[in-house]
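Okay, structure first, notes after.
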Amino acid sequence: MSKARGGEFHSNEDTHAHKIKAQMLSIDNLATKGLYFVPHPTRLWVKVLVERVDTKKMRCHVRDVEEEAELDLDPRRVPFLPVNPSTCEDMTSLYHLHEPGIIDNLEQRADLRDQRPYTRIANVLIAVNPLRRVPDPDQSAFMGSALAYAPPHPWLIAETAFRQMSLGIRSIDKARSSNQSIVISGESGAGKTETCKIILAYLCTRSAGGAPKATRRSSALWREEGTGLDRQLLDSNPILEALGNAKTLRNDNSSRFGKFMKLKFSRTKTGTMAATTLPSKGGSAALLSPALAARLMGATIETYLLERSRVIEQTDGERNFHALYQLVAGSSAHEASQLVLPRKTESFQFLSSSSCRTIENVDDAHRFAELRAAFANVGLGLTHEDYGGAPVHDSVAQKKERQRKVARYFEAITRALAAVLHLGNVTFDAAETAESGDRACVISETDGAARPALNAAVATLGVDADRLEDLLIRHRIQAPGIAGRKPSYYCKEHDKDMARLTRDAIAKEARRL
Amino acid sequence: MKEIVLPRHSTLPQVYSRMFDAVVTDLGGHMMTGDATGSPLDFIGVLDIFGFESFARNDLEQLLINFANESLQATFNRAVLVAEQELYVAEGISTDLEKIEVDESTSMCVALISSRKGDSIFRVLDEFSKMAKSASDDDKQAKGDGRQVSEIEKRFCRDLHYKLKKANRFVTPPKKDILDTFIVAYRQSGVAVMMCSIVNLLLSAT
Chain W
24 MSKARGGEFH SNEDTHAHKI KAQMLSIDNL ATKGLYFVPH PTRLWVKVLV
74 ERVDTKKMRC HVRDVEEEAE LDLDPRRVPF LPVNPSTCED MTSLYHLHEP
124 GIIDNLEQRA DLRDQRPYTR IANVLIAVNP LRRVPDPDQS AFMGSALAYA
174 PPHPWLIAET AFRQMSLGIR SIDKARSSNQ SIVISGESGA GKTETCKIIL
224 AYLCTRSAGG APKATRRSSA LWREEGTGLD RQLLDSNPIL EALGNAKTLR
274 NDNSSRFGKF MKLKFSRTKT GTMAATTLPS KGGSAALLSP ALAARLMGAT
324 IETYLLERSR VIEQTDGERN FHALYQLVAG SSAHEASQLV LPRKTESFQF
374 LSSSSCRTIE NVDDAHRFAE LRAAFANVGL GLTHEDYGGA PVHDSVAQKK
424 ERQRKVARYF EAITRALAAV LHLGNVTFDA AETAESGDRA CVISETDGAA
474 RPALNAAVAT LGVDADRLED LLIRHRIQAP GIAGRKPSYY CKEHDKDMAR
524 LTRDAIAKEA RRL
Chain V
-10 MKEIVLPRHS TLPQVYSRMF DAVVTDLGGH MMTGDATGSP LDFIGVLDIF
40 GFESFARNDL EQLLINFANE SLQATFNRAV LVAEQELYVA EGISTDLEKI
90 EVDESTSMCV ALISSRKGDS IFRVLDEFSK MAKSASDDDK QAKGDGRQVS
140 EIEKRFCRDL HYKLKKANRF VTPPKKDILD TFIVAYRQSG VAVMMCSIVN
190 LLLSAT
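Protein chains in written order, with the numbering used here: chain W, 24 to 536; chain V, -10 to 195.
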């Protein structure tokens, strides 16, 4: 578990020092046998027990409770901040509210013996990643209940947002809408993506009317009872994760992109909604009113800044995007022959430059099957007409047709992934005619694998072989070696062409669906 | 025969990210049930952004990621702390509490990186990427694949250090790195410092 890092709470040094000074205790106020925090050069803050106070020498003899070290401190120079008598769920009610108090509270609550990863400060939820599954609280404590007694949990944030939206509570700046936003931020590895999933699953369940089966995992809940849209929304996650997440040094499933999801609701006056179907513990009249009924009508996803350089380069010990390994490990025999895929990640330069190729406890082949299922569940490749209104009652033929379209979309994606892998294995040699500038390089003849890789890329993309080769090697101009440096090469227009060609090929595939 | 730096190295990531974007677009297009009423729906937005990260050497990507985080924090501070206090004042609610000081380190960082009024990293970067665009081919070529610093990058770095020397949160790097590095301190305590390598920064920004 990562330790809470105190520096995050620092502000401008002057105001910070000023604040600490304001909370410093003079020697007369220090209690013998009392516990205090004092600053420490490397451990940030340490807890000390006051053994003796010498008011004449202005010395305080203390014992470092963690390290069992004894030392003498001068309370005029070292701030002594009192330790809180107990931990708090909501840190606004901490008895002593100061930086070490907040850190200590978080740390104690995250303690492994009785792990409570969530703590709040008013309406801000703080999560300390437990890095394992912890039992979910009782869902009925959130849905339609008085939230004053609900434990800190992402569900609390989600429920609050849901209520404020349903009731049309306007934000304080008097903006016109009652739209809500939940911001999930934190360091890499803090657990943002998981928290996001917990919130989404909750909102989907909530919209569907809520089913307070608290003992079951929320994911199991939506799988069984979710409506089509809920399922699509939650199934979009594995797709985004496979394509946009990767193992980093800090995190086995690190999102390499930012994401903003808008869950759009409409208010419904009818229907059995949570508030009416649930035993509401002290629910107010407002909670029971039909206004609280809101149904998920759609979702939009925006992504930001995919770390695309990862495709070609990874820090040692990290991996490329999950989907590339999953494809190699999990494609069917038929797919593998279509995509000219060997079963070994070592065969691909993009997958083997880092020493890390697998993730502990993760079966890439199994994940590939899940990815395929997710594409099918979301129905990527289908248009609205394909649903024809009532999916439950359509004919076998219609169903078959839909399955075919979905499979083709998935195939297009696997083609694109395979092409990226193959193109990664294409290497080049400098050509004899380098000085003429026009064709400064050729597909490597010395590297026996280069030509087959190009052919494989051609096969997977379904593009013209000569054109692809030409695009790969054209416009490559050699720069003469300056001052003893190795000559280098660069290209000008060629990037765009290549991108366009490949993109067109993918688009073509997609359009054929 | 010499190994050639492969331009696919700039192309393939683009191909990949286009595919990613295409999937995201399709996902989004998929999850709208055509709402017959056409009235704007209320929504709950869920924002899940990349977390702060800092490696031994950082690139434009990290600069932008961390900038996004800082901007978000600054927005939050403004929206929650400042607006709430203004509301108290407007409604004449007096509190015994002294005015809560908004953590200024975030806005200082945002200013250092993106200020339009004064000199900022983005501003200098902007100027220089325009120059880099129109710079002679020789200059670009000289850079090539190497991790060496080109003339224009050196000038960029010099300019950056000169203009931002006195800026808050701008830390002067050790002498050996001064030609190709600048440092942004995200927090006073030094736990969140980012050393940005300018190699490739300019090219990424063009």
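C-beta atoms are modelled at their ideal positions from N, C-alpha and C, and glycine is treated no differently.
Remember, it's a predicted structure, so these values are computed and weren't measured experimentally.
Checklist entry - Three or more beta-carbon pairs under 8 Å between the stretch 331 to 348 of chain W and the stretch 440 to 454 of chain W, yes or no? => result yes
Item to check | Ala68(V) to Ile207(W) span [Cα, whole Å] | outcome: The count along the second sequence starts at 1 and reaches residue 68(V) at position 79. The count along the first sequence starts at 1 and reaches residue 207(W) at position 184. Each residue's alpha carbon lies about 16 Å from the other.
Checklist entry - What residues from chain V crowd round Arg202(W), counting only those whose CB sits closer than 8 Å? => result Along the first sequence, read from residue 1 onward, the residue named residue 202(W) stands at position 179. The sequence given here has Asn at residue 202(W), not Arg. Within chain V, the residues near Asn202(W) are Asp31, Phe32, Ile33, Gly34.
Checklist entry - Leaving out the 5 sequence neighbours to the left and right, which residues in its chain are closer than 8 Å to Leu491(W) when beta-carbon positions are compared? => result Along the first sequence, read from residue 1 onward, the residue named residue 491(W) stands at position 468. Counting only Cβ-Cβ distances below 8 Å, and skipping sequence neighbours, we find Leu477, Ala480, Val481, Leu484, Leu524.
Next on the checklist: Going by DSSP, what residue range makes up the beta strand (DSSP E) through Tyr151(V)?
Outcome noted: Here residue 151(V) refers to the residue found at position 162 of the second sequence. No beta strand (DSSP E) holds Tyr151(V); the alpha helix (DSSP H) holding it covers 140 to 153.
Item to check | N-terminal and C-terminal residue of the beta strand (DSSP E) that Thr326(W) is part of | outcome: Against the first sequence, residue 326(W) aligns to sequence position 303. First-last of the beta strand (DSSP E) with Thr326(W): 317 to 327.
Item to check | Nearest-angstrom Cα separation, counted from Asn274(W) out to Glu89(W) | outcome: The count along the first sequence starts at 1 and reaches residue 89(W) at position 66. The count along the first sequence starts at 1 and reaches residue 274(W) at position 251. Rounded to the nearest angstrom, the two C-alpha atoms are 29 Å apart.
Item to check | Residue nearest to Pro163(V) in terms of C-alpha spacing, selected from Leu53(V), Ile172(V), Ala156(V) | outcome: To locate residue 163(V), count along the second sequence from 1; it is residue 174. A check of alpha carbon separations from Pro163(V) across Leu53(V), Ile172(V), Ala156(V) identifies Ile172(V) as the nearest.
Checklist entry - Comparing alpha-carbon positions, which option in Thr142(W), Leu329(W), Ser168(W) lies nearest Pro2(V)? => result As a first step, residue 2(V) must be located in the second sequence, where it is residue number 13. Nearest C-alpha to Pro2(V): Leu329(W).
Next on the checklist: Classify Arg535(W): buried if its beta carbon has 16 or more other beta carbons within 10 angstroms, exposed otherwise.
Outcome noted: Along the first sequence, one-based indexing puts residue 535(W) at 512. Because Arg535(W) sits at a pLDDT of 48, beneath the cut-off of 50, its placement in the model cannot be relied upon, and the point is left open.
Item to check | Leu96(W) versus Gln187(W): straight-line alpha-carbon distance, rounded | outcome: Residue mapping note: residue 96(W) aligns to position 73 of the first sequence, counting from 1. Residue mapping note: residue 187(W) aligns to position 164 of the first sequence, counting from 1. Distance between the alpha carbons of Leu96(W) and Gln187(W) is about 51 Å.
Checklist entry - Identify the residues that DSSP records as bridge partners of Pro62(W): which are they? => result As a working mapping, residue 62(W) is identified with position 39 in the first sequence. Pro62(W) pairs with Trp68(W).
Checklist entry - Just the Cα atoms here: how many angstroms apart are Phe65(V) and Ala174(V)? => result Residue mapping note: residue 65(V) aligns to position 76 of the second sequence, counting from 1. Residue mapping note: residue 174(V) aligns to position 185 of the second sequence, counting from 1. Approximately 20 Å between the Cα atoms of the pair.
Checklist entry - To which residues of the same chain is Cys379(W) closer than 6 Å at the C-beta, ignoring the five residues directly before and after it? => result Here residue 379(W) is taken as the residue at index 356 of the first sequence, counted from 1. So the list reads Gly340, Arg342, once near-sequence residues are dropped.
Checklist entry - Is the CB-CB distance between Pro98(W) and Leu48(W) below 8 Å? => result Against the first sequence, residue 98(W) aligns to sequence position 75. Against the first sequence, residue 48(W) aligns to sequence position 25. Yes. Within cutoff.
Checklist entry - When the Cα atoms are used, what is the spatial distance from Asp159(W) to Tyr141(W)? => result Within the first sequence, the letter at position 136 stands for residue 159(W). Within the first sequence, the letter at position 118 stands for residue 141(W). For Asp159(W) and Tyr141(W), the distance between alpha carbons rounds to 11 Å.
Next on the checklist: Beta-carbon within less than 6 Å of Ala399(W)'s beta-carbon, same chain only, minus the 5 sequence neighbours each way: which residues are those?
Outcome noted: Walking along the first sequence from the start, residue 399(W) turns up at place 376. Val429, listed in sequence order.
Item to check | Separation of Asp386(W) from Lys165(V), as counted between CA atoms | outcome: Taking the second sequence and counting its residues from 1, one reaches residue 165(V) at position 176. Taking the first sequence and counting its residues from 1, one reaches residue 386(W) at position 363. Taking the straight line joining both Cα atoms gives about 45 Å.
Item to check | is_contact[Val151(W), chain A] using C-beta, thresh 8 Å | outcome: Absent from the structure is chain A; the protein chains it does hold are W and V.
Checklist entry - Cα separation between Leu36(V) and Lys220(W)? => result If you number the second sequence from 1, residue 36(V) lands on position 47. If you number the first sequence from 1, residue 220(W) lands on position 197. When rounded, the distance between both Cα atoms is 11 Å.
Checklist entry - How would you write the range of the alpha helix (DSSP H) that Ala216(W) sits in, first residue to last? => result As a working mapping, residue 216(W) is identified with position 193 in the first sequence. It is worth fixing the name first, because residue 216(W) is Thr in this sequence and not Ala. Element bounds for Thr216(W): 215 to 230.
Item to check | Completely contained beta strand (DSSP E) runs for the stretch 115 to 192 of chain W, where each covers 3 or more residues | outcome: Runs of beta strand (DSSP E) with 3 or more residues, each lying fully within the stretch 115 to 192 of chain W, are found at 141 to 144, 147 to 150, listed in chain order.
Next on the checklist: Using a Cβ-Cβ cutoff of less than 7 Å, which residues in the same chain neighbour Lys132(V) once the five nearest sequence positions on both sides are dropped?
Outcome noted: Counting from one through the second sequence, the residue named residue 132(V) turns up at place 143. For Lys132(V), the predicted structure reports a pLDDT of 43, less than 50, and the residue's modelled location is therefore unreliable. The matter cannot be settled from this model.
Checklist entry - For Thr437(W), is the classification buried or exposed, using 16 other Cβ atoms within 10 angstroms of its Cβ as the cut-off for buried? => result One-based indexing of the first sequence puts residue 437(W) at position 414. Buried, by the Cβ-count rule.
Item to check | Spatial distance of Leu319(W) from Tyr172(W) (CA atoms) | outcome: The residue you call residue 319(W) lines up with position 296 of the first sequence. The residue you call residue 172(W) lines up with position 149 of the first sequence. Answer to the nearest angstrom: the Cα atoms are 27 Å apart.
Next on the checklist: Against chain V, does Ser375(W) count as a neighbour if the rule is that its beta carbon must be under 8 Å from one of theirs?
Outcome noted: If you number the first sequence from 1, residue 375(W) lands on position 352. For Ser375(W), no CB of chain V lies under 8 Å from its own CB, so it is not counted at the interface with that chain.
Item to check | Burial state of Tyr225(W) (16 or more Cβ within 10 Å) | outcome: Counted from its first residue, the first sequence places residue 225(W) at position 202. Buried, by the Cβ-count rule.
Checklist entry - Where do the N-terminal and C-terminal ends of the alpha helix (DSSP H) with Ile436(W) fall, by residue? => result On the first sequence, position 413 is the one that residue 436(W) refers to. Run containing Ile436(W): 419 to 447, per the alpha helix (DSSP H) assignment.
Checklist entry - Going by DSSP, which residues form a beta bridge with Phe37(V)? => result Position 48 of the second sequence, counted from the start, is the residue given in the question as residue 37(V). This sequence places Asp at residue 37(V); Phe is not what is there. Residue pairing by DSSP places Asp37(V) opposite Ile207(W), Lys282(W) in a beta bridge.
Checklist entry - What number of angstroms, rounded off, separates the C-alpha of Ser211(W) from the C-alpha of Leu154(W)? => result Translated into the one-based positions of the first sequence, residue 211(W) becomes position 188. Translated into the one-based positions of the first sequence, residue 154(W) becomes position 131. In this structure, the CA atom of Ser211(W) is about 13 Å from the CA atom of Leu154(W).
Item to check | Buried or exposed by the 16-neighbour rule on C-beta atoms within 10 Å, applied to Phe391(W) | outcome: Looking up residue 391(W) in the first sequence gives position 368. Counting Cβ neighbours within 10 Å, Phe391(W) comes out buried, since at least 16 surround it.
Checklist entry - DSSP beta-bridge partners for Arg75(W)? => result Here residue 75(W) corresponds to residue number 52 of the first sequence, with the count starting at 1. Note: Arg75(W) sits in a beta bridge opposite His84(W).
Item to check | Buried versus exposed, by CB contacts within 10 Å (16 or more), Asp31(V) | outcome: As a working mapping, residue 31(V) is identified with position 42 in the second sequence. Asp31(V) sits buried, since 16 or more C-beta atoms from the chains shown fall within 10 Å of its C-beta.
Checklist entry - Bridge partners of Val465(W), per DSSP? => result For the purposes of this step, residue 465(W) is identified with residue 442 of the first sequence, where counting begins at 1. Asp452(W), per the DSSP bridge assignment.
Checklist entry - Under the rule that 16 or more other beta-carbon atoms within 10 Å means buried, what is Ile167(V), buried or exposed? => result To locate residue 167(V), count along the second sequence from 1; it is residue 178. Classification for Ile167(V): exposed.
Checklist entry - Residues in its own chain within less than 7 Å of Thr218(W) by CB, not counting five upstream and five downstream? => result Residue 218(W) sits at position 195 when you count from the first residue of the first sequence. These residues qualify, in order along the chain: Ala150, Pro177, Ile207.
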